[in-house]
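Peer 1: Numbering (full-length UniProt numbering), first residue to last: 1 to 245. Quick reminder that beta carbons are idealized off the backbone N, C-alpha and C, glycines included.
1) Contact between the region 141-158 and the region 227-238: three or more CB pairs below 8 Å?
2) Please state whether DSSP places residue 33 in a helix, a strand or coil.
3) Going by DSSP in three states, residue 238 sits in which element: helix, strand or coil?
4) With DSSP collapsed to three states, give me the class of residue 170.
5) Per DSSP, which residues does residue 216 bridge with? Please list them.
6) So, using beta-carbon positions, are residue 206 and residue 180 closer together than 8 Å?
7) Below 8 Å between beta carbons: does that hold for residue 169 and residue 91?
8) Quick check on DSSP: helix, strand or coil for residue 86?
9) Are residue 55 and residue 33 close, meaning C-beta to C-beta below 8 Å?
10) Could you compute how far the alpha carbon of residue 1 sits from the alpha carbon of residue 28?
11) Answer with buried or exposed for residue 41, where buried requires no fewer than 16 other C-beta atoms within 10 angstroms of its C-beta.
12) Am I right that residue 202 and residue 183 are in contact with their C-beta atoms under 8 Å? What's the rounded C-beta distance?
13) So which of 221, 226, 212 has the shortest CA-CA distance to residue 127?
14) Please classify residue 150 as buried or exposed, where buried requires at least 16 other C-beta atoms within 10 Å of its C-beta.
15) Helix, strand or coil: how does DSSP classify residue 139 here?
16) So for residue 79, helix, strand or coil by DSSP?
17) Under the assumption that residue 163 contacts residue 93 (Cβ atoms under 8 Å), give the Cβ distance between them as a whole number of angstroms.
18) Give me, in chain order, the residues of the same chain whose beta-carbon lies closer than 6 Å to that of residue 14; leave out the 5 immediate sequence neighbours on both sides.
19) Can you tell me where the alpha helix (DSSP H) holding residue 206 begins and where it ends?
20) Measuring CA to CA, which of 22, 39, 160 is closest to residue 102?
21) Going residue by residue through the region 9-71, where are the continuous beta strand (DSSP E) segments of at least 3 residues, counting only ones entirely within it?
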């Protein structure tokens with residue numbers, strides 16, 4: 001049985017943001033989407049909640065806020081990951097230029113409702129939100145409303161106050177794949193290139209015609225890249241176990 005795949009979602013998201021990946025990879029391996037971190041006040045608290053849900057050995061795909069959590073958790077993950085996949089994320093602390101937009105979205109949610117903020121955020125995060133399948137868009141909106149305003153407030157504050165984890169990049173001890181949309185405005189490609197330069201032996205894919213949400217903006221391409229990656233890592237790990245045993 002191949003190692004499990006842990007999918008760590010981003011801001012105000014749950015398993016529904018990984019719709020296409022759960023459907024595809026759930027056929028061949030155990031897929032785990034951690035829960036509960038959305039209700040924490042800080043990235044440090046989020047790492048504790050996520051860490052308790054991790055299997056002994058796993059592939060970790062971490063997207064956006066999920067990447068902030070994964071990189072902050074890195075010292076505790078050494079020796080545990082079969083591979084790391086960082087998607088539309090960054091090791092940098094909050095860019096002061098981004099904070100006003102976050103606060104504006106939060107104020108919008110408090111003034112006009114979480115659904116309005118969801119639509120505004122989705123339009124910013126994707127290259128073309130109307131090109132995303134209607135059922136996926138409906139699931140994302142439902143996630144925002146179910147998680148609620150208080151969780152959204154906590155996550156935005158946690159992201160604004162997130163730590164600088166660039167010092168943790170050099171300690172990554174497993175094969176690493178970095179994926180970013182070429183039109184990502186939230187964590188632009190230069191953030192991905194910075195991580196790629198700092199993580200020894202890492203691989204970088206810049207995806208054309210995609211914004212911040214590659215897993216559901218370009219699902220077929222994303223799944224193919226991830227499929228090829230996981231199969232190669234599973235094969236390499238299997239060979240290593242055979243040689244050791």
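Peer 2: Let's see:
1) no
2) coil
3) Judged by DSSP in its simplified three-state form, residue 238 adopts helix.
4) helix
5) Answer by DSSP bridge pairing: none, since residue 216 is not bridged.
6) It is a contact, given that the beta carbons lie within the stated cut-off.
7) yes
8) strand
9) Not closer than 8 Å, so no.
10) 9 Å
11) exposed
12) Between residue 183 and residue 202 the Cβ distance is about 22 Å, and since that is not below 8 Å, they are no contact.
13) 212
14) exposed
15) helix
16) coil
17) The beta-carbon distance between residue 163 and residue 93, rounded to whole angstroms, is 7 Å. This is short enough to meet the 8 Å contact definition.
18) For residue 14, same chain residues with a beta-carbon under 6 Å away, outside a window of 5 residues either side, are 143 in chain order.
19) It is not in any alpha helix (DSSP H) - residue 206 instead sits in the beta strand (DSSP E) that spans 203-207.
20) 160
21) 58-63
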